[in-house]
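Using this note's numbering, the letters of the sequence shown correspond one by one to residues 19 to 387.
In this text, a Cβ means the ideal position worked out from N, Cα and C, and glycines have one as well.
Quick caveat: nothing in here was measured; it's all calculated off a predicted structure.
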Amino acid sequence: MGTVRATRLVKTFGPVVAVNDLSLEAKAGEFLTLLGPSGCGKTTTLRLIAGLEKPDRGEIHVGDRLVSSPGAGLFVPPEQRGMGMVFQSYAIWPHMTVFENVAFPLEELRRPRAEVRERVMTILATVGLGGMHARPAPMLSGGQQQRVALARALVSNPQVLLLDEPLSNLDARLREEMRFELRDMQARLGITSIFVTHDQAEAMTLSDRIIVMSGGRIEQEGSPEAVYQRPSTRFVMDFLGRANQLPARVEKRPDGWIAVVDGHGSELALGEGDWADKQEVLLAFRPEGVEACAAERDGAWIGVVRSSVYVGGRVEYVVDLGGFTVRATGPEDPRLPCDARAALRVSPRAVRVWPRDPEQTGTNGGPAR
Ligand SMILES: Nc1ncnc2c1ncn2[C@@H]1O[C@H](COP(=O)(O)OP(=O)(O)OP(=O)(O)O)[C@@H](O)[C@H]1O
Ligand SMILES: [Mg+2]
């Protein structure tokens, strides 16, 4: 059973609380990603799971087996946890061949020679390095080194694969290619994987589920679509791609609540909700959630095009809306010129409405709808 369950993990380094009461579960066969900005505790969490760090508090189970519990005085060392790990620096041994690098973990376990050879050749084929076993490690490209590291992590048939920014040393094109290969291989092997990255696009394309972290804690977890489309905090909204944010005020109308953009008067229907009259809110929405077009429609917000870029099939606009900047998208044809009036149609479903509170940094409190 390749599940991993961490319960209320705490890890401090002197005054720094790197992991702060964090609980997570990776289901069998799942590709789970820890996503967050630099220093938020991703690597530390992964190292705690791997057994490369000891938690101050909390417990870690692999399947039904307890592998870490300071309370119970229990700590299973990394090599006995049935996990494979790939780091950002692949840590390939330069004086060894591909075969020797990959065989190393099995040699450590003193497996019979015939078994070692069979396993290594099989896993090299799996990661796309068939026929390259005799190649000296220094004679490998970045992508090939990455594959060697992956093969070495997988060769002893781990139940769980831990990956710490394994693609970030590759150039952009190779990184994208390896993303798909990694995902494909993970699915074929059905191996439970926990992947760490600060790259939201990488997290979106690879993951079954994403855990967004900040300050050693979990901000939100869910499918890539859920965290992107329905961020539950402003931190998540900001971190996962670009977001427009407009200050507005809530008003009661006979047919329900509306939000009126500050100083501009554009209105957005909020429908039913737990609002107070005149409550100050922030309307947050992604550029894809607002369409710019020339024709003025009922309920459209009217702004002025400041600039635009063609992004392949669509145009992204920067529109001035009464002094606020709104990023919007529109069809490539007709393309609105600079200084043209633009009607912005905002899909209410695409808008998140947060209470506006000067004290609130956006890292706590959920959305109001
Ligand atoms: N061995 C250590 N000694 C002291 N502080 C540490 C140690 N390891 C991590 N930290 C601190 O703990 C916090 C979390 O670090 P961690 O490496 O887990 O972050 P991260 O999310 O992986 O960041 P990055 O994206 O930059 O790799 C940081 O403030 C870091 O400085
Ligand atoms: Mg890290």
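| Check | Outcome |
| --- | --- |
| DSSP three-state assignment for F253, whether helix, strand or coil | helix |
| Own chain partners of M255 with C-beta closer than 7 Å, once the 5 adjacent residues on each side are dropped | P249, A261, A302, R370 |
| Cβ-heavy atom distance, D182 to ligand 2, below 7 Å | yes |
| Extent of the continuous beta strand (DSSP E) run through A68 | Taken as a continuous stretch (DSSP letters only), A68 belongs to no beta strand (DSSP E), being part of the alpha helix (DSSP H) at 60-68. |
| Contact under 8 Å by Cβ, G59 with V85 | no |
| L354 in three-state terms, based on DSSP | coil |
| Bridge partners - M101, DSSP secondary structure assignment | V178 |
| Distance cut-off 7 Å: S56 Cβ against heavy atoms of ligand 1 | yes |
| Residue of L258, R23, R65, M114 minimising C-alpha distance to V37 | R65 |
| Euclidean distance between Cα positions of L181 and L92 | 25 Å |
| Neighbourhood of G16 by C-beta, 7 Å cutoff - its chain only, sequence neighbours within 5 removed | Nothing about residue 16 can be reported from this structure: the residues present for the chain run from 19 to 387 only. |
| Three-state secondary structure assigned by DSSP to R267 | strand |
| Option nearest Q238 by Cα separation, candidates R23, P95, S41 | S41 |
| heavy atom of ligand 1 below 7 Å from K60 C-beta | yes |
| From P242, K270, P272, residue whose alpha carbon lies closest to that of G259 | P242 |
| Alpha-carbon spacing of L354 relative to E269, whole angstroms | 33 Å |
| Collapsed DSSP secondary structure at M203 in the structure displayed | helix |
| Cut-off 6 Å between Cβ atoms - residues of its own chain near Q163, not counting five sequence neighbours on either side | Y108, I110 |
| Cutoff 6 Å; reference S87; Cβ partners in own chain excluding five residues on either side | E77 |
| Any 3 or more C-beta pairs closer than 8 Å across the segment 277-294 and the segment 356-366 | yes |
| Residue from A310, W275, A143 with nearest C-alpha to W293 | W275 |
| Residue burial classification, K29 (beta-carbon count within 10 angstroms, cutoff 16) | buried |
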